[in-house]
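K.L.:
Just so we're aligned: the sequence shown equals residues 966 to 1214 in the numbering used here. Just so you know, even glycine gets a beta-carbon here, dropped at the ideal spot from N, CA and C. Before I ask anything, let me first share the structure, which is written out below as structure tokens.
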Amino acid sequence: MKTPNKHLKGIITRCTNYKESDRIFTLISDDGIMKFIARGAKKPSSKLSGHIEPLNYVALYYRPSKSLNSVSQVESIHSFLEIKKEYNLILKAQYMMELAESLFSENDDNSSILSLLINTLRNIHNSKIPTLDILIFEFELLKHQGFGISIFDCTNCDKELERSDHYFSSNVGGFYCTTCFESKRLLDQSVKVTVGQQLILRTIARKNYKDLISLNLSEKEISNCRKLIQNSIRDIIGVQLKTVKFSDL
């Protein structure tokens, strides 16, 4: 008895050609990371042709298998064509897909991560500051993993931080107040963060995204904030990405 077809939606992260006419691809979905084979997809006459490309958000029907799931039908929901027209946006999209994929789990609900990724991809090609959208994406992903950064209070004594430059530690995922920082002598383990950069992170934490536009943000400020989040992702979750060196482009 044949296994019945199943239906799934997700984003294709990478594809490889297989034999003369087949394609193998990886999909991230609510169910986790899955690999598929699309037989005959390279043929120009194939109904699958054109749909199986990296960065495509697709709906598909497939037959489950212990090795490679076999695809019978694929339809593109969103191809993100505007992103694919710009090399810098392609790099940003690849970085976000790799980051999201590194945090996917087979046993947990991945819908929040997938939804966040799709929404960010939809926004960046129209955004005046795409790196800001990616900063929000990184911040929310870290929080989703249960490692929200301590932004408003000292990570050591829990006292509310005064309006001043403070030192941030990616190892603990938060700021130290002046007293705790000086007593612990953590200069080699921490990064000094300006009031302006803290304001960016606080505004994101409060989800007041519209207020970010009025802050007249510079690319340098956004880049510095992103480094804090990226270092936290590396040190707390243990994720080191191949594309991270391109992520500030």
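(1) Name, in chain order, the residues that DSSP records as bridge partners for C980.
(2) According to DSSP, S1115 sits in a beta bridge with which residue or residues?
(3) Ends of the beta strand (DSSP E) at A1024?
(4) With a cut-off of 8 Å, do at least 3 Cβ pairs link the region 1116-1126 to the region 1091-1098?
(5) If you draw a straight line from the alpha carbon of L1086 to that of I1017, how long is it in whole angstroms?
(6) Enumerate in chain order the residues of its own chain whose CB-to-CB distance from F1112 is below 6 Å, with the five nearest sequence positions on each side excluded.
(7) So for L1126, helix, strand or coil by DSSP?
(8) Which residues in the same chain as T1168 place their Cβ atom closer than 8 Å to its Cβ, once the five residues preceding and following it in sequence are excluded?
(9) For the region 1050-1059 against the region 1029-1038, are there 3 or more C-beta pairs whose distance is under 8 Å?
(10) Between L1064 and L1020, is the Cβ-Cβ spacing less than 8 Å?
(11) Might you give, ordered along the chain, the residues of its own chain that have their beta carbon closer than 8 Å to the beta carbon of L1182, omitting 5 neighbours on each side?
P.N.:
Well, looking at it:
(1) In the sequence shown, residue 980 corresponds to position 15, counting from 1. Answer is F990, bridged to C980.
(2) For this step, residue 1115 is matched to residue 150 along the sequence shown. Note: S1115 sits in a beta bridge opposite G1139.
(3) Here residue 1024 refers to the residue found at position 59 of the sequence shown. Start and end: 1022-1028.
(4) No, the region 1116-1126 does not touch the region 1091-1098.
(5) Residue 1086 sits at position 121 when you count from the first residue of the sequence shown. Residue 1017 sits at position 52 when you count from the first residue of the sequence shown. Rounded to the nearest angstrom, the two C-alpha atoms are 18 Å apart.
(6) Mapped onto the sequence shown, residue 1112 falls at position 147. Residues of the same chain with a CB within less than 6 Å of the CB of F1112, apart from the 5 flanking positions on each side, are G1138, I1201 in chain order.
(7) For the purposes of this step, residue 1126 is taken as the residue at position 161 of the sequence shown. Coil at L1126, not helix or strand.
(8) The residue labelled residue 1168 in the question sits at position 203 within the sequence shown. Around T1168: Y1174, D1176, L1177, L1180.
(9) Cβ pair count under 8 Å is below three, so no.
(10) Within the sequence shown, residue 1064 is the residue found at index 99, counting from 1. Within the sequence shown, residue 1020 is the residue found at index 55, counting from 1. It is not a contact, given that the beta carbons lie outside the stated cut-off.
(11) By 1-based counting over the sequence shown, the position of residue 1182 is 217. Answer for L1182: I1094, L1097, I1165, listed in chain order.
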